[in-house]
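Structure record follows, encoded as structure tokens.
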Amino acid sequence: MGIRENMAVHAVTEKAGTLLEPLLEGEDDEESSYDDESSTYSSPTKSIEIKATPLQKLKFILVTLGLMAGEAASVVAIILDPEIMVYVMAGITMLNGLLSCFKEYHIMKNSSLRIFIKKLREDAKQLEDEVDILAEEIELLEPEAQRASIVEEELNLIADEQKCNVDELVALVKENESILALMRDNLRQRIVQDTLKIVMLSDRNNDGKFCKVELKMLTLKIRMQLSEYGVDFEEQKFYYLMSENPTVERAVHILKRLIPSNNDEECEDSEEYEDEDNEDEDEDGDLYDIFFINESGTSMSEWSAQKRVSLQLPKPSQERRLSHISTERKTLSNKSLATREPPKTTVQNFPSLSEEAPSARMRRRDRLKTVLKRGRDLPPPPPLAFPPDDPRPGDKS
Numbered sequence: 247m248g249i250r251e252n253m254a255v256h257a258v259t260e261k262a263g264t265l266l267e268p269l270l271e272g273e274d275d276e277e278s279s280y281d282d283e284s285s286t287y288s289s290p291t292k293s294i295e296i297k298a299t300p301l302q303k304l305k306f307i308l309v310t311l312g313l314m315a316g317e318a319a320s321v322v323a324i325i326l327d328p329e330i331m332v333y334v335m336a337g338i339t340m341l342n343g344l345l346s347c348f349k350e351y352h353i354m355k356n357s358s359l360r361i362f363i364k365k366l367r368e369d370a371k372q373l374e375d376e377v378d379i380l381a382e383e384i385e386l387l388e389p390e391a392q393r394a395s396i397v398e399e400e401l402n403l404i405a406d407e408q409k410c411n412v413d414e415l416v417a418l419v420k421e422n423e424s425i426l427a428l429m430r431d432n433l434r435q436r437i438v439q440d441t442l443k444i445v446m447l448s449d450r451n452n453d454g455k456f457c458k459v460e461l462k463m464l465t466l467k468i469r470m471q472l473s474e475y476g477v478d479f480e481e482q483k484f485y486y487l488m489s490e491n492p493t494v495e496r497a498v499h500i501l502k503r504l505i506p507s508n509n510d511e512e513c514e515d516s517e518e519y520e521d522e523d524n525e526d527e528d529e530d531g532d533l534y535d536i537f538f539i540n541e542s543g544t545s546m547s548e549w550s551a552q553k554r555v556s557l558q559l560p561k562p563s564q565e566r567r568l569s570h571i572s573t574e575r576k577t578l579s580n581k582s583l584a585t586r587e588p589p590k591t592t593v594q595n596f597p598s599l600s601e602e603a604p605s606a607r608m609r610r611r612d613r614l615k616t617v618l619k620r621g622r623d624l625p626p627p628p629p630l631a632f633p634p635d636d637p638r639p640g641d642k643s
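In our numbering, the protein residues as written are 247 to 643.
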């Protein structure tokens with residue numbers, strides 16, 4: 247029985263060693279620090295101390311005491327009745343007691359060894375699961391590595407054509423992104439400045455409220471002003487948001503979403519609108535996205551609605567949702583790349599990389615033309631259907 251258990255322990259340790267070999271390749275520098283620990287696990291039957299449980303020890307003590315009592319009784323029987331048959335029975339009893347004690351000792355050790363082998367098997371199973379997880383992660387990273395190598399080759403080709411370094415090209419792309427971000431921030435500030443001016447001038451009665459006619463005129467003025475910058479203004483959303491509470495404070499609160507605010511006092515001032523904003527966002531997540539610009543830089547139209555970029559600053563909850571969506575899209579792209587063959591390393595497979603610079607120049611040129619025209623070539627706005635006069639109390643007009 248002991249030889250079989252030792253063979254099982256040896257087989258388990260060999261299996262664990264074979265599973266750990268791929269993980270320990272190339273770690274020659276760290277092998278010296280783990281020599282002592284590895285030596286303790288090289289021979290489990292000798293170096294690892296197997297301890298018995300308290301219940302097993304108690305059982306061994308009780309059995310040993312019983313056997314010793316039987317041997318003592320045999321000695322007493324020999325002394326009291328010195329006969330040959332008594333000598334024979336006493337000798338057999340004493341030998342049986344010694345043999346039983348020896349067997350009980352081995353049973354205790356074998357039980358502890360079984361528990362130890364069970365733990366080793368659990369560890370080996372857990373190690374196999376970890377190896378499977380690592381293999382899956384490697385399979386998921388292989389498409390990313392292939393795509394990164396392909397992109398690197400394409401960048402090298404473009405850098406050779408442009409006679410520059412890949413690092414310089416990447417630095418230029420990052421610089422372009424930062425410049426575009428600054429331009430977008432400046433555009434937001436300009437929009438807020440102009441629209442706030444229009445809002446303050448539209449309140450003719452200086453009472454902080456807008457009637458239906460004033461609200462229609464305010465929407466029209468904002469649209470005409472923003473059209474000069476090539477910005478698309480969602481009139482219906484703005485009118486819906488303002489119809490619930492047509493006040494100057496409400497309009498300022500809507501426009502303040504375009505500028506990031508790090509001041510705690512401004513956040514406290516807008517607490518009364520948080521509940522309404524959350525309800526509106528639950529019903530329609532894009533309700534406050536009322537300012538858009540076109541990627542191509544031309545004037546906005548219905549057919550280019552899908553190419554619009556929102557100027558709205560996302561909230562932290564929206565950022566988490568967008569990051570979750572991007573993670574899901576990345577996972578789907580990894581799966582699609584794993585199932586299909588990698589594309590050939592030619593420039594035609596990545597037209598966006600080679601055509602990015604000319605298209606960017608065209609967009610900037612069109613945007614400058616649009617700004618210089620100042621709305622002269624824009625189509626006239628559609629006629630507004632003014633509601634019947636709805637004078638407020640105290641309004642003589």
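We treat Cβ as the ideally placed atom computed from N, Cα and C, and that holds for glycine. Being a predicted model, the structure only gives us computed values, none of them experimental.
Is the beta carbon of residue i sitting closer than 8 angstroms to the one on residue j?
i    : j    : result
I437 : Y475 : yes
A482 : I444 : In the sequence as presented, Ala is not what sits at residue 482; that position holds Gln. In this structure, I444 does not lie closer than 8 angstroms to Q482 by Cβ.
A427 : L415 : no
T299 : C347 : no
A315 : A323 : no
M340 : E368 : no
L442 : V498 : yes
I539 : V494 : no
L461 : P492 : yes
F479 : I396 : no
M354 : Q392 : no
L313 : G343 : yes
N402 : V412 : yes
Check residue i in the structure and name its three-state DSSP category.
i    : result
D478 : strand
I425 : helix
F537 : strand
K443 : helix
K483 : helix
K455 : strand
E347 : One detail in the question is off: residue 347 reads as Cys in this sequence, not Glu. Helix.
R393 : helix
K409 : coil
N356 : helix
E368 : helix
E399 : helix
G434 : Going by the sequence as given, residue 434 is Arg instead of Gly. Three-state result, R434: helix.
D449 : coil
E376 : helix
E414 : helix
N491 : coil
E329 : coil
L387 : helix
Could you spell out the range, first to last residue, of the alpha helix (DSSP H) harbouring residue i?
i    : result
I325 : 300 to 326
E495 : 494 to 501
R469 : 458 to 473
Quick test of your reading: residue i and residue j, contact by CB under 8 angstroms. State the CB separation rounded to the nearest angstrom.
i    : j    : result
L487 : I500 : 6 angstroms
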